[in-house]
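Worksheet for the structure shown next.
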Amino acid sequence: MDIIVLKPNATEEDIRRIVKKLESRGLGVNISKGTERTVIGVIGDTSKISEEEEDAIRVMPGIEDVMRILKPYKLASRDFKADDTTVDIEGKVIGGRKIQIIAGPCAVESRTMIINIAEKVKEAGASFLRGGAFKPRTSPYSFQGLGEEGLKYLAEARERTGLPVVTELMDPRDIEVVIKYADIVQIGARNMQNFRLLLEVGSRDKPILLKRGFSATIKEWLMAAEYIMSKGNQKIILCERGVRTFETATRNTLDLSAVPVLKQLTHLPVVVDPSHGVGKWDLVAPMSKAAVAAGADGLLIEVHMNPEEALSDGEQSLKPDYFKKLMSELRPIASAVGRDI
Ligand code: PEP
Ligand code: MN
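The opening residue of the sequence shown carries number -8 in the numbering used here; numbering runs sequentially from there.
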């Protein structure tokens, strides 16, 4: 909250009361009296004024509007840190010139399955392996993931291929075991505003892939990143994965405009997940290309050896050969926007 616009009929008494209120919060004022209106510029660190407090100030007599210039997310904002943040995972940098591809199945289904896919996606040029061991399923009767057993298979696939692994954490009770095996911890769309979970991962030194909630605004998403950062962990990668709209032709509506918007608002790297964004395998390639053109720092793509038999998200999973073809099609687009893949 940085600028307070007064009503034309605001009295000296109103102004005195507003100034007193601000001074009681350690803030200074600069009163500018125009011919029609008076404006109060607030001086000092206003980031400690909560939105609730701002709303309370807004209803004080004589005030017409309160405008915040500083963003409510401070650590995540570009104003706070102008340079792009890069997250380095064993020499693989997310947020640099190279667009990093995270690929693998929705869920780890068996040991051989994850090892086979890891080898295939590596051969196609992916830099990271993904796979869920704790799956957030809509139905309690659906496959829930292999838990720690799945994490062990991921670690074995990493050992064989050298690909660092990305896997989801759903519950603070599983944090030790997930952190033990993961190179990047995914916070899924359903948990973007699970604030206790965000604070837990914020106090650990592990890169976090923070997916956008189904109906989260960009501001809410950045506030979720701020929760993590407020505890000290600055290694955050944002992941656009589509939001829910009235449209039913695709599983979600992939908000690619979020990429350039985020590039203005935050220094954090941005990855796009076209697989969950569209929900259909044959729409993944065009949206992957569009995401690269829009400036994404990486892509998260679901790949399965045999999508017809997948235990989750088969409909949106690419077969390895198709994924490999997509990788080669992405290269000229990346170079056209000054990036490598
Ligand atoms: C996933 O990555 O498999 C997943 C469940 O993603 P989201 O949280 O975006 O739905
Ligand atoms: Mn999935």
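Using N, Cα and C, we set each Cβ at its ideal position, and we do this for glycine too.
Checklist entry - Going by the C-beta, is Leu309 closer than 8 Å to any heavy atom of the ligand PEP? => result If you check the C-beta of Leu309 against the ligand PEP, you find no heavy atom less than 8 Å away.
Checklist entry - Can we count His295 as close to the ligand PEP, meaning its CB is less than 8 Å from some heavy atom? => result no
Checklist entry - Among Val99, Arg181 and Ser23, which one has its Cα closest to the Cα of Arg128? => result Arg181
Next on the checklist: Does the region 301 to 314 come into contact with the region 96 to 114, if we say contact requires no fewer than three beta-carbon pairs (one atom in each stretch) closer than 8 Å?
Outcome noted: yes
Next on the checklist: What residue range does the alpha helix (DSSP H) around Met58 cover?
Outcome noted: First-last for Met58: Ile54 to Met58, but that is the beta strand (DSSP E), not the alpha helix (DSSP H).
Item to check | Per-residue burial, Ile60 [other beta carbons within 10 Å of its own, 16 or more giving buried] | outcome: exposed
Checklist entry - Taking the C-alpha atoms as reference points, what is the distance between Lys113 and Lys197? => result 23 Å
Checklist entry - Taking Cβ positions, are Leu256 and Ile209 nearer each other than 9 Å? => result yes
Item to check | Limits of the beta strand (DSSP E) - the one that Ala94 falls within | outcome: Gln91 to Gly95
Checklist entry - Around the Cβ of Pro298, are there at least 16 other Cβ atoms within 10 angstroms (buried) or fewer (exposed)? => result buried
Checklist entry - By how many angstroms is the C-alpha of Val(-4) removed from the C-alpha of Gly141? => result One C-alpha to the other measures close to 57 Å.
Next on the checklist: Taking 8 Å as the limit between beta carbons, can you name the residues of its chain near Ala109, skipping five residues before and five after?
Outcome noted: Gly95, Leu120, Ala148, Arg149, Arg151, Thr152 and Leu154
Checklist entry - Assuming Arg242 and Lys202 make a contact with CB atoms under 8 Å, what is their CB distance in whole Å? => result So it is not a contact: roughly 14 Å between Cβ atoms.
Checklist entry - For Gly122, is the classification buried or exposed, using 16 other Cβ atoms within 10 angstroms of its Cβ as the cut-off for buried? => result Burial call: buried.
Item to check | Identity of the residue in Lys(-2), Asp331, Gly32 and Val78 nearest Val50 by Cα | outcome: Lys(-2)
Item to check | Presumed contact (8 Å Cβ cut-off) between Leu145 and Tyr172, rounded CB distance | outcome: 6 Å
Checklist entry - What residue from Thr37, Arg88 and Ile9 has the CA that sits closest to Ala325's CA? => result Arg88
Checklist entry - When we look at the beta-carbon of Ser319 and count the other beta-carbons within 10 Å, is it buried (16 or more) or exposed? => result exposed
Next on the checklist: Taking the alpha carbon of Gly193 as the reference point, which residue from Met104, Ile170 and Ala117 has its own alpha carbon closest?
Outcome noted: Ile170
Checklist entry - Does the beta-carbon distance from Met183 to Gly204 come in below 9 Å? => result yes
Checklist entry - Alpha carbon to alpha carbon, what distance is there between Ile90 and Gln135? => result 31 Å
Item to check | For Gly25: DSSP bridge partner residues | outcome: Its beta-bridge partners do not exist; DSSP assigns none.
Checklist entry - Going by the beta-carbon positions, is the gap between Gln307 and Cys230 smaller than 9 Å? => result No, these two residues do not count as a Cβ contact at 9 Å.
Checklist entry - Any heavy atom of the ligand MN closer than 8 Å to the Cβ of His267? => result yes
Checklist entry - What do you reckon, is the C-beta of Ala67 under 8 Å from a heavy atom of the ligand MN? => result Not so, every heavy atom of the ligand MN lies at least 8 Å from the Cβ.
Next on the checklist: Quick check: Val168 and Glu139, are their CB atoms within less than 9 Å of each other?
Outcome noted: yes
Next on the checklist: Our contact map puts Glu238 next to Lys65 with C-beta atoms below 8 Å; I'd like the distance itself, whole angstroms only.
Outcome noted: Not really, about 34 Å apart at Cβ, beyond 8 Å.
Checklist entry - Does at least one heavy atom of the ligand MN sit under 8 Å from the Cβ of Gly123? => result Checking every heavy atom of the ligand MN against the Cβ of Gly123, one is found closer than 8 Å.
Checklist entry - Hey, how far is the Cα of Asn21 from the Cα of Asp(-7)? => result 10 Å
Item to check | Option nearest Val30 by Cα separation, candidates Gly17, Ala47, Ser38 and Ala1 | outcome: For Val30, the closest C-alpha among the options Gly17, Ala47, Ser38 and Ala1 is that of Ala1.
Checklist entry - Do the region 5 to 20 and the region 74 to 81 touch if we need at least three Cβ pairs shorter than 8 Å? => result no
Item to check | First and last residue of the uninterrupted beta strand (DSSP E) at Gly289 | outcome: Gly289 to Glu293
Item to check | Member of Leu259, Met58 and Ala47 whose CA lies at the smallest distance from the CA of Ser68 | outcome: Leu259
Checklist entry - Name the DSSP bridge partner or partners of Thr257? => result Ser68
Checklist entry - By Cβ distance, which residues of its chain are closer than 6 Å to Pro52, with the 5 residues on each side in sequence left out? => result If we look at Pro52 and ignore the five residues flanking it on each side, its Cβ neighbours are Asp5.
Checklist entry - Terminal residues of the continuous beta strand (DSSP E) containing Val415? => result Nothing in the structure corresponds to residue 415, since the chain is present only between -8 and 332.
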